[in-house]
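Note that the protein sequences, when read in sequence, are chains A and B.
Taking the working numbering, I'd label the letters of the first sequence as residues 1 to 229.
Taking the working numbering, I'd label the letters of the second sequence as residues 1 to 229.
Number of protein chains: 2
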Amino acid sequence: MLFDVFGTVVDWRSSVARDVNEIAARHGITVDARAFADRWRALYQPAMLRVRLGEIPFVTLDVLHRQNLEQVLGEFSLDTLNEVEKADLNRAWHRLDPWSDVVAGLERLKQRYIIGTLSNGNIALIANMAKYARLPWDVILGAEIARAYKPQPEAYLGSAAALSLAPQQCMLVAAHNSDLQAAANCGFRTAFVARSLEHGPAQKTDLVAQGDYDIVAQGFADLATHLNC
Amino acid sequence: MLFDVFGTVVDWRSSVARDVNEIAARHGITVDARAFADRWRALYQPAMLRVRLGEIPFVTLDVLHRQNLEQVLGEFSLDTLNEVEKADLNRAWHRLDPWSDVVAGLERLKQRYIIGTLSNGNIALIANMAKYARLPWDVILGAEIARAYKPQPEAYLGSAAALSLAPQQCMLVAAHNSDLQAAANCGFRTAFVARSLEHGPAQKTDLVAQGDYDIVAQGFADLATHLNC
Numbered sequence: 001m002l003f004d005v006f007g008t009v010v011d012w013r014s015s016v017a018r019d020v021n022e023i024a025a026r027h028g029i030t031v032d033a034r035a036f037a038d039r040w041r042a043l044y045q046p047a048m049l050r051v052r053l054g055e056i057p058f059v060t061l062d063v064l065h066r067q068n069l070e071q072v073l074g075e076f077s078l079d080t081l082n083e084v085e086k087a088d089l090n091r092a093w094h095r096l097d098p099w100s101d102v103v104a105g106l107e108r109l110k111q112r113y114i115i116g117t118l119s120n121g122n123i124a125l126i127a128n129m130a131k132y133a134r135l136p137w138d139v140i141l142g143a144e145i146a147r148a149y150k151p152q153p154e155a156y157l158g159s160a161a162a163l164s165l166a167p168q169q170c171m172l173v174a175a176h177n178s179d180l181q182a183a184a185n186c187g188f189r190t191a192f193v194a195r196s197l198e199h200g201p202a203q204k205t206d207l208v209a210q211g212d213y214d215i216v217a218q219g220f221a222d223l224a225t226h227l228n229c
Numbered sequence: 001m002l003f004d005v006f007g008t009v010v011d012w013r014s015s016v017a018r019d020v021n022e023i024a025a026r027h028g029i030t031v032d033a034r035a036f037a038d039r040w041r042a043l044y045q046p047a048m049l050r051v052r053l054g055e056i057p058f059v060t061l062d063v064l065h066r067q068n069l070e071q072v073l074g075e076f077s078l079d080t081l082n083e084v085e086k087a088d089l090n091r092a093w094h095r096l097d098p099w100s101d102v103v104a105g106l107e108r109l110k111q112r113y114i115i116g117t118l119s120n121g122n123i124a125l126i127a128n129m130a131k132y133a134r135l136p137w138d139v140i141l142g143a144e145i146a147r148a149y150k151p152q153p154e155a156y157l158g159s160a161a162a163l164s165l166a167p168q169q170c171m172l173v174a175a176h177n178s179d180l181q182a183a184a185n186c187g188f189r190t191a192f193v194a195r196s197l198e199h200g201p202a203q204k205t206d207l208v209a210q211g212d213y214d215i216v217a218q219g220f221a222d223l224a225t226h227l228n229c
């Protein structure tokens, strides 16, 4: 059982906003921290696209986040941060809170399956997040192992291969239809878990399953029940 | 805290011998199963050396074990095994029992440190072994991540880099002086834990620490105590 992480497992928006608020307050600046988080996240796909298209060599998500952070700090008039503060804020992505159903659900699934990440996050990021959020992963896979970013097929196929499993023996759990469709195209089994607040109360995308998935679950407890865990 | 696995964490000799005995019994053959395990293990260094020297491209330990198995089966007159049996016996290395102090010691260390593997075993092997033996790793690193076999420096440096840590922030725990010396040369901190029965009661090597290590511990409980865990 391999899991998308950002949005599916953890609430990146509230967590990043919390850290942005904290550093802004230290500088006596008022900032729309959720808008900051949204903007930072919005720069993630174009940055990965440059890697996918081969415009730049593979670099980790920490590096892409750091490059994008410069731009967002400028846009939100927070560019007075020093280097140590910027490095710490970049690690906000290592300190993301899980959705409330996640840890108990993973513990149930772990009794029966290998549970791992299939994320675009790099190993250090996912490992630190797991310590912070008590996520009991058996294995950390994804972009850095495959040296390819989802939805490139290599990201899914490389993660299955690292476990010596056929794609058909793997299930991707994700809150994003595009991720699940790419995984299904590689032969993975699929489980959709809606996260209707990932992008805040006005979210319009990924509210419902838009594909013929093996499982559509209401959170990780329901997912574990579907799988008799 | 990064751990060598074969010998340091798990008792490969007894565990492999158990599976060899089982399959030999099914074929009505009597075999010196411990000698079989020793011989299979002895072929491991020369096989890795061919990778290290660049004679063959990087392949996983599962692949090297499988190639070596053919030779050992021939030497021990067990070459009547069919392909399914050979594949299953090769996975004996995924089903290794931990030394008795390991799981409790790791659980203590895990409360305070990231605990991971720095093994020449591939990800699938280490992940399956962890499920079998209930080893609570936070992260699986080592040869397959670095695409280099210990004691090549790239294996240690690549594992530290995957955690975004400097070598000085990492400690290798191992029962083998050569491994610890190579890690120390890369800047790692070091902990020696003697496993005087790894090679059976006649073991002559690695009975004592032969280096200026940060810690010399009597098992993983003592190691955890040294580190105030």
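C-beta: ideal position from N, C-alpha, C; glycine also.
Of all the options the options, which has the alpha carbon lying nearest to the alpha carbon of residue i?
{"i": "L73/A", "options": "T190/A, A175/A, A33/A, D97/A", "result": "A33/A"}
{"i": "I114/B", "options": "M171/B, T205/B, V9/B", "result": "M171/B"}
{"i": "N128/B", "options": "R41/B, N90/B, T30/B", "result": "N90/B"}
{"i": "H199/A", "options": "L2/A, A17/A, F3/A", "result": "A17/A"}
{"i": "W40/B", "options": "L207/B, L49/B, E75/B", "result": "E75/B"}
{"i": "W151/B", "options": "Q67/B, L53/B, D19/B", "result": "Position check: residue 151/B holds Pro in this sequence, whereas Trp was assumed. P151/B has its Cα closest to that of L53/B, out of Q67/B, L53/B, D19/B."}
{"i": "H231/A", "options": "L227/A, M1/A, D79/A, H94/A", "result": "Shown here, chain A extends from 1 to 229; a query on residue 231/A therefore has no answer."}
{"i": "A162/B", "options": "I56/A, L141/A, M1/A", "result": "L141/A"}
{"i": "K131/A", "options": "W93/A, C186/A, N21/A, L64/A", "result": "W93/A"}
{"i": "G7/B", "options": "Y149/B, R147/B, T205/B", "result": "T205/B"}
{"i": "L69/B", "options": "F36/B, R147/B, I56/B", "result": "F36/B"}
{"i": "D19/B", "options": "L96/B, R108/B, D62/B", "result": "L96/B"}
{"i": "A184/A", "options": "S77/A, Q168/A, I56/A", "result": "Q168/A"}
{"i": "L207/B", "options": "R195/B, V216/B, R147/B", "result": "R195/B"}
{"i": "G116/A", "options": "D88/A, K86/A, E85/A, Y156/A", "result": "Y156/A"}
{"i": "L81/B", "options": "I29/B, C229/B, I56/B", "result": "I29/B"}
{"i": "Y149/A", "options": "S164/A, D4/A, V51/A, Q111/A", "result": "V51/A"}
{"i": "E154/B", "options": "N228/B, L165/B, C186/B", "result": "C186/B"}
{"i": "L197/A", "options": "D38/A, N21/A, A25/A", "result": "D38/A"}
{"i": "A209/B", "options": "A202/B, P201/B, Q218/B", "result": "Q218/B"}
{"i": "G158/A", "options": "A166/A, L165/A, S164/A, A146/A", "result": "A146/A"}
{"i": "A143/B", "options": "P201/B, T60/B, A166/B, S164/B", "result": "T60/B"}
{"i": "A2/B", "options": "C229/B, L109/B, H226/B", "result": "It is worth fixing the name first, because residue 2/B is Leu in this sequence and not Ala. When only C-alpha atoms are compared, the closest one is L109/B."}
At a CB-CB cut-off below 7 Å, which residues of chain B make contact with residue i?
{"i": "I139/A", "result": "With the sequence shown as reference, residue 139/A is identified as Val, and Ile is not the correct amino acid for it. Chain B residues near V139/A: I123, A127, I140."}
{"i": "K131/A", "result": "I114, D138"}
Run down chain A in chain order and give the residues with a C-beta less than 8 Å from the C-beta of residue i.
{"i": "D62/B", "result": "S164"}
Identify the residues that DSSP records as bridge partners of residue i: which are they?
{"i": "R189/A", "result": "M171/A"}
{"i": "W109/A", "result": "Trp is not the amino acid found at residue 109/A; the sequence shown has Leu there. Answer by DSSP bridge pairing: none, since L109/A is not bridged."}
{"i": "T117/A", "result": "F3/A, I140/A"}
{"i": "I215/A", "result": "A191/A"}
{"i": "V10/B", "result": "F6/B, P98/B"}
Could you tell me if the beta carbon of residue i falls within a distance shorter than 7 Å of some heavy atom in the ligand MN?
{"i": "F3/A", "result": "As for the ligand MN, it is missing from this structure, which has no ligand bound."}
- [ ] Indicate whether the contact test is met: 3 or more Cβ pairs, each with one atom in the stretch 171-182 of chain B and one in the stretch 11-31 of chain B, closer than 8 Å.
- [x] no
Open item on the list: Could you check whether the stretch 123-133 of chain A touches the stretch 41-59 of chain A, counting it as contact only if at least three pairs of C-beta atoms, one from each stretch, sit closer than 8 Å?
Closed with: no
Task: Entirely enclosed alpha helix (DSSP H) segments - the stretch 38-95 of chain A, minimum 4 residues - done: 44-52, 61-75, 83-90
Open item on the list: Closer than 8 Å is the cut-off here; do at least three beta carbon pairs connect the stretch 188-204 of chain B with the stretch 158-177 of chain B?
Closed with: yes
TODO: Please determine if the stretch 135-149 of chain B and the stretch 133-152 of chain A are in contact, where contact requires at least 3 C-beta pairs separated by less than 8 Å.
DONE: yes
Task: Stretch-stretch touch, CB-based, cutoff 8 Å, three pairs: the stretch 96-106 of chain A with the stretch 206-222 of chain A - done: yes
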